[in-house]
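Residues in the sequence shown are numbered from 1 upward in steps of one, following the working numbering.
Glycine included, C-beta positions come from ideal geometry on N, C-alpha and C.
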Amino acid sequence: MVDLKLLAVFAHPDDESMGMGAALAKYSAEGVGTYLVCATRGERGWFGPEEGNP
């Protein structure tokens with residue numbers, strides 16, 4: 001039996017849930033070793049008025 005593994009690489013935190021969350025959950029539930037890599041911490045994004053931007 002082959003031990004399947006899935007590595008997903010994303011640029012930003014929460015990209016996995018916004019883009020392929022259902023697929024990742026499916027494969028994980030089927031026993032596939034599922035690993036995520038996030039390339040940033042997400043500390044630079046800002047949504048809202050510019051005067052509130054830190």
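Item: Using beta-carbon positions only, say whether Ala29 and Phe10 come within less than 8 Å of one another.; Value: no
Item: Which same chain residues, not among the five before or five after Gly19, have their C-beta less than 7 Å away from its C-beta?; Value: none
Item: Could you have a look at Leu36 and say whether DSSP puts it in helix, strand or coil?; Value: strand
Item: Would you tell me roughly how many angstroms separate the C-alpha atoms of Ala22 and Arg41, rounded to the nearest one?; Value: 22 Å
Item: Would you kindly work out how many angstroms separate the C-alpha atoms of Arg44 and Pro13, rounded to a whole number?; Value: 11 Å
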